[in-house]
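> Protein chains in written order, with our numbering: chain A, 2 to 370; chain B, 3 to 433; chain C, 15 to 275; chain D, 102 to 370.
Take this structure first; my questions come after.
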Ligand SMILES: Cc1cc2nc3c(=O)[nH]c(=O)nc-3n(C[C@H](O)[C@H](O)[C@H](O)COP(=O)(O)OP(=O)(O)OC[C@H]3O[C@@H](n4cnc5c(N)ncnc54)[C@H](O)[C@@H]3O)c2cc1C
Ligand code: SF4
Ligand code: SF4
Ligand code: SF4
């Protein structure tokens, strides 16, 4: 398919807004690059980069005007598709029982601008969990089906990124409507736009953009390929699924439990973590009830509650659940790894626990006689 | 005749006051021998454990002295520490402080007028009982109260013990857009506030006046978030001279600390004092409301304090609207406050009156001594004096009625007993 | 017969019981649903006990209060403690780590008149408590949740997880990771809605320690080195409104976090 | 209507089986849910209180569920009076797959409330009596007073099942077995090598019972257990019911013993 060149994202915003879409993309707020509704290309974080380390995130000024050279931020697209709080229904008491009302407001029609390849894969993984089984989560599906995805190939991996070893980047895999590659020279960035779907083609057709020059297309490819060599981290172990299954009794869990706060940040920032809890509430009269679905985490003490106590009461067992699910049993349950290598759990862990280092240690323990 | 020559009146648990207190009246030979407002709020030792804390901590810590007026504590604490460190907060940051404080005035006054005080005038045990007959009135009071709380929630993060206040200013200042919905809410509250004044003007007020000297802050605007002290008798001094002019001492035959002027005079602080000394600074709308309610240049009937509070609600709402309209976000949320050795004093007008803080800091900014004088402890002498006279003129009433009237008289002062950080504990005396 | 509600106060600032009056939108509905039989801050009418639900604010600091809390327990079918004072001793528990006589002499001219205990203790240290609602002050929505849950007979939705859960759900940027601002959120009980990080400051722990697992202490020690504070600063940040609970949580003995045997 | 919306069912009858256990007969108010297979469960909703997973204890034209009151939701469900409405979602999970045991002897072993999910299996086997060999029902309870469906057991016997009961603590007048349920395994009148086993109860009880049966020569591949984990959705989305690689609401609750054994032996998995 033919690639196009965009010298300015303004018309793209206009086209998306014109089509009634809410554009969500990166912007600077509170000392970080967050995802939020954008009103124009000016809201993009032009000239901002980030410095990442375990437990640390800092914005830094770049010498150029790049809008997408900042690797994964504190959120993924999860809050927009798989919202932290969803009201499932409400009910009112009647004579002998209750009457349930489900109001399903029309989901927003999003255009996600700047979806990084790792996050693109993460969306596919959540699709599998929430829409790919016997039952479909209507709230997720409604938002997902209306979303147009404009991916950005990664030319600037961060210090905590390891998409290459998870096979999810830096080149966007399937699932995008449009994929951009940002080219930086002096002045404003240019973009090579590749078409993934008809919907994407239709958007681009409106822009009356020029076809990209082959040299630029080659350069875009080369920069993405080069990025693959600059990953800040690498996930070790050839077969994580086997390693996890064989490590349930490992001593490393005791070690990590000394450091882990069970605060749940890793699961909240993870773009694939999907766990929710359901809470049934009433008002003071007791005649009106609601059911809400809220983000949950395997680090919550009540997560594994049975009558008589929690199955996983220790921190050790809860960290083990998170890691072995993510890298191991996810394959059994949903046919892929649950980790896309975005590095968020490393950065946003307040005490810098590094998933790749923990796997390293488990591997070393498994290798030692 | 119901009255006896010797009798003792005890109200074990005062209702509708903040905190826990009791009233004790002893009549001997037809004369009032003793009137005591007992404070049995257990001592919490704030001034003691503030020693050794960092200069950044008093706003959060002293807020916990009182859940009814935390902003007052936070403000006086900030002022004192800023003075000690040689920092000044002015311009939009000072305005934001005042705006937050307006929220506390609106909330606290609405609480007192509607939930604590009005039931006395209308013959109900409390607002819930009042609501059974006059739901719309109580709902109006709750709406006003909520407006105050919402203001504090937006600016402070929450209404009780706001988290956004720091020495030097705030942690985060609002964008203009965040204040817009507040203005809308406050415009509606203004109608409720004006209705409140009209409604309270219709109460029946017992004939009773006092002649205490008034003490309040004075500033270029109606005093709220700071100023110098001024009295009705012409005394004028800055916060730094508070302890020169005012002493807290133990009076013979009594165990509560009583604040007086150093020269021995008693005084009263609070809405009546503020109004009487600063009436000219009220906004035109508030002034008009006051006049319409029959409030003159000065008000010396403590029962009419409910009316003055209602006028101050009008003022606080009006003032909040003015501050929001003129708000330009400051370029930084706080001015730097570098610790240094020294002493600082802070006063502000809590809803119940002047609240004084002093801190001595060492070079690292650690507190070496702290002093906090809340309004209720300053007013204790005056309250007891008034009660003595009030009771003496009503000895013909039977115990139940006299008790009821006394309780109402106490509530005139909206005493906040939780605030009484260093009242003496009277448990010993009560046995 | 509507269930009866009583509100009691011990050593405290009144803020937690004020939270009940701060439920402006629900107060009259509540009054229609329960009989508010004993609530001195709101009404002079005192109904006869026993009471179906008692909300208890404040900590135990005087000999007289020791007797009074036993009485309150005896006249309450369900006893719910509200706030850091009642659940952890409050800020006044700082005396537990100092000489209370000396404290009294700083504040009072005649300390010998002060009838006070050497320690400020939570209600649960003296009588059985049916439910503890944390916070300094408690959160209004949580109070309503506890009351409506009680009236319906369901488990209140008051999760014991960390403030970080709420912080991330709310979409805050983590002040600890992104700004280097010390934050106690990871070891603090959720409930406030992560207000402090939303206002750009670190959580100061006013909801008390979040249990790392049912009833156990959080891994505070593992967090401390990451706060990047001096020893004195660390001691101070853990010594505020839940000082007794956090001090216990940070004791440097045994593994900070392991399965109970 | 979404998969998270409860379907209204009326309580047609309520029978107090034990001091803390109640069997409810449930009728759809309008559209019914699909007919559950023995071993499947529903999510039962009590208005305003909450929702919990409960297995069916009778299925077919009449739907019954047997609930032990242990907490807020089960208390509310148990207290629901005839004529009143509960919500049901489901059915969810795997069934016992009785068909796979055609021609074999059957051993059904239950601990406590675990008899409830096994009851539709007993009824199904008895209804198709000739399709199976001998049928042994082994029941362990705490005391004779905790024996579930006591009135029905004789009928099961009369229809050709061997029913053995053991109690942890006998009461005066108890003449039956005393001790762990494993003590009954030897008494089951079956040909182990040609039998299939279905076990439901506390995890530890299921493990030792399965071991004892296998010890008698019953092929491990023919042992099935019903597992229990926290559940919030029943749909495979909420994550709560994970047991290692399994989602119990989707892959279970009924699972082959050989599949769960390695998972059951890991502490806190
Ligand atoms: C597949 C399956 C089938 C079941 N079948 C039956 C049955 O037929 N009869 C019966 O009496 N019980 C059955 N249970 C157990 C029943 O679900 C629990 O007793 C019930 O959830 C307890 O809820 P509660 O609110 O009354 O108790 P609480 O102890 O107050 O529980 C609080 C919450 O914890 C969770 N929880 C607690 N215990 C369990 C548990 N055992 N399983 C799942 N979540 C739990 C629930 O979310 C519950 O709302 C079954 C459980 C599962 C998983
Ligand atoms: S816990 Fe805090 S808010 Fe509540 S009473 Fe105590 S000091 Fe006040
Ligand atoms: S700011 Fe504090 S509460 Fe929020 S995620 Fe970070 S560490 Fe947790
Ligand atoms: S963030 Fe922490 S300190 Fe701030 S209000 Fe919440 S619990 Fe209290």
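Every residue gets a Cβ at the ideal spot worked out from N, C-alpha and C, and that includes glycine.
#1: Please list, in chain order, all residues with a C-beta atom less than 7 angstroms from at least one heavy atom of ligand 3.
#2: Count the other CB atoms within 10 Å of the CB of residue 100 of chain A; is the residue buried (16 or more) or exposed (fewer)?
#3: Applying a beta-carbon distance threshold of less than 8 angstroms, which residues of chain D neighbour residue 167 of chain C?
#4: Anyone know if the C-beta pair for residue 278 of chain A and residue 297 of chain A falls short of 8 angstroms?
#5: If we cut at 8 angstroms on Cβ distances, does residue 45 of chain B have a partner in chain C?
#6: Tell me the residue span of the beta strand (DSSP E) that contains residue 294 of chain A.
#7: Could you give the distance in angstroms between the alpha-carbon of residue 12 of chain B and the alpha-carbon of residue 106 of chain C?
#8: Can you name the residues of chain D whose CB is closer than 7 angstroms to the CB of residue 138 of chain A?
#9: Taking 8 angstroms as the cut-off, decide whether the C-beta atoms of residue 213 of chain D and residue 242 of chain D are in contact.
#10: Taking only beta carbons into account, state which residues of the segment 241-261 of chain A come closer than 9 angstroms to chain C, listed in chain order.
#11: What residue range does the alpha helix (DSSP H) around residue 161 of chain A cover?
#12: Since residue 369 of chain D and residue 321 of chain D are thought to touch, with beta carbons under 8 angstroms apart, how far apart are those beta carbons, to the nearest angstrom?
#13: Are there three or more Cβ pairs, one per stretch, closer than 8 angstroms when the segment 337-357 of chain A is compared with the segment 255-270 of chain A?
#14: Determine the direct distance from the alpha carbon of residue 36 of chain B to that of residue 91 of chain C, and round the result to whole angstroms.
#15: Compute every distance between the C-beta of residue 189 of chain D and the non-hydrogen atoms of ligand 1, then say whether any falls below 7 angstroms.
#16: Could you compute how far the alpha carbon of residue 251 of chain D sits from the alpha carbon of residue 238 of chain D?
#17: Would DSSP call residue 214 of chain D helix, strand or coil?
#18: Give me the chain B residues within the contact set of residue 29 of chain C, using Cβ-Cβ distance strictly less than 9 angstroms, ordered along the chain.
#19: Could you tell me which of B/52, B/310, B/371 sits nearest to residue 203 of chain B, measuring between CA atoms?
#20: For residue 256 of chain B, collect the residues of the same chain with a Cβ closer than 6 angstroms to its Cβ; drop the 5 residues on either side in sequence, then sort them by chain order.
#21: Do residue 167 of chain D and ligand 1 come close, with the Cβ less than 7 angstroms from some heavy atom?
#22: The beta strand (DSSP E) spanning residue 26 of chain A covers which residue range?
#23: Mind checking if residue 334 of chain A is an interface residue toward chain D, Cβ cutoff 8 angstroms exclusive?
#24: How about residue 307 of chain A: is its Cβ closer than 7 angstroms to a heavy atom in ligand 1?
#25: Between the Cα of residue 371 of chain A and the Cα atoms of A/88, A/117, A/223, A/119, which residue gives the shortest distance?
#26: Determine the closest residue to residue 181 of chain D out of D/343, D/244, D/115, D/164, with distance taken between C-alpha atoms.
#27: Determine the direct distance from the alpha carbon of residue 194 of chain B to that of residue 202 of chain C, and round the result to whole angstroms.
#28: For residue 144 of chain A, collect the residues of the same chain with a Cβ closer than 6 angstroms to its Cβ; drop the 5 residues on either side in sequence, then sort them by chain order.
#29: Let me know if residue 240 of chain D comes out buried or exposed under the rule of 16 or more other beta-carbons within 10 Å of its beta-carbon.
#30: From what residue to what residue does the alpha helix (DSSP H) around residue 398 of chain B run?
#31: Going by other Cβ atoms of all chains shown within 10 Å of its Cβ, with 16 needed for buried, is residue 129 of chain B buried or exposed?
#32: With a cut-off of 8 angstroms, does the C-beta of residue 66 of chain A fall near any C-beta of chain C?
#33: I think residue 173 of chain D touches residue 150 of chain D, with their Cβ atoms under 8 angstroms apart; what is that distance to the nearest whole Å?
#34: How would you write the range of the alpha helix (DSSP H) that residue 210 of chain B sits in, first residue to last?
#35: Hey, how far is the Cα of residue 298 of chain D from the Cα of residue 256 of chain D?
#36: Using 8 angstroms as the limit for Cβ to Cβ distance, is residue 56 of chain C near chain B?
Quick answer:
#1: Output, sorted by chain position: A/264, A/266, A/351, C/176, C/177, C/178, C/181, C/182, C/186, C/188, C/189, C/190, C/191, C/197, C/199, C/200, C/208, C/211, C/216, C/217.
#2: Around the beta carbon of residue 100 of chain A, a 10 Å sphere encloses fewer than 16 other beta carbons of the protein chains shown; the residue is thus reported as exposed.
#3: Scanning chain D for C-beta atoms nearer than 8 angstroms to the C-beta of residue 167 of chain C yields 150, 173, 176, 177, reported in chain order.
#4: Cβ distance < 8 angstroms, so residue 278 of chain A and residue 297 of chain A count as in contact.
#5: At a cut-off of 8 angstroms between C-beta atoms, residue 45 of chain B counts as an interface residue with respect to chain C.
#6: Element bounds for residue 294 of chain A: 289-296.
#7: Between residue 12 of chain B and residue 106 of chain C, the C-alpha separation is close to 29 angstroms.
#8: Neighbours of residue 138 of chain A on chain D, chain order: 338.
#9: Taking 8 angstroms as the Cβ cut-off, residue 213 of chain D and residue 242 of chain D qualify as a contacting pair.
#10: Of all residues in the segment 241-261 of chain A, 255, 258, 259, 260, 261 have a Cβ within less than 9 angstroms of some Cβ in chain C.
#11: Taken as a continuous stretch (DSSP letters only), residue 161 of chain A belongs to no alpha helix (DSSP H), as it is neither H nor E.
#12: With 8 angstroms as the limit, residue 369 of chain D and residue 321 of chain D do not qualify as a contact, their Cβ atoms being about 25 angstroms apart.
#13: Touching, yes.
#14: One C-alpha to the other measures close to 40 angstroms.
#15: No, Cβ of residue 189 of chain D sits at least 7 angstroms from all heavy atoms of ligand 1.
#16: The straight-line gap separating the alpha-carbon atoms of residue 251 of chain D and residue 238 of chain D is approximately 13 angstroms.
#17: DSSP places residue 214 of chain D in helix when its eight states are reduced to three.
#18: Residues of chain B passing the Cβ test: 65, 66, 68, 69, 70, 72, 162, 163, 420.
#19: Per the Cα distances, B/310.
#20: Reliability of the predicted coordinates at residue 256 of chain B is poor, the pLDDT of 45 falling under 50, and no value is obtained from them.
#21: Ligand 1 has a heavy atom closer than 7 angstroms to the beta-carbon of residue 167 of chain D.
#22: Per DSSP, the unbroken beta strand (DSSP E) holding residue 26 of chain A starts and ends at 23-30.
#23: Cβ-Cβ to chain D under 8 angstroms: yes for residue 334 of chain A.
#24: Residue 307 of chain A: yes, Cβ under 7 angstroms from ligand 1.
#25: Since the first and last residues shown for chain A are 2 and 370, residue 371 of chain A lies out of range.
#26: Looking at the Cα atoms, D/115 is the closest of the given residues.
#27: Distance between the alpha carbons of residue 202 of chain C and residue 194 of chain B is about 40 angstroms.
#28: The beta carbon of residue 144 of chain A sits closer than 6 angstroms to those of 82, 108, all from its chain and outside the five residues before and after it, given in chain order.
#29: Here residue 240 of chain D is buried: its Cβ has 16 or more other Cβ atoms, across all protein chains shown, within 10 Å.
#30: Residue 398 of chain B -> no alpha helix (DSSP H), and no H or E assigned at all.
#31: Classified as buried, residue 129 of chain B has 16 or more neighbouring CB atoms from the shown chains inside 10 Å of its CB.
#32: For residue 66 of chain A, the answer is no, since every Cβ of chain C falls outside 8 angstroms of its Cβ.
#33: Yes, they are in contact, since the Cβ atoms of residue 173 of chain D and residue 150 of chain D sit about 6 angstroms apart, within 8 angstroms.
#34: In the DSSP assignment, residue 210 of chain B falls outside any alpha helix (DSSP H) and carries neither an H nor an E.
#35: Residue 298 of chain D and residue 256 of chain D have their C-alpha atoms spaced approximately 21 angstroms apart.
#36: Under the Cβ distance rule, residue 56 of chain C counts among the residues neighbouring chain B, one pair being separated by less than 8 angstroms.
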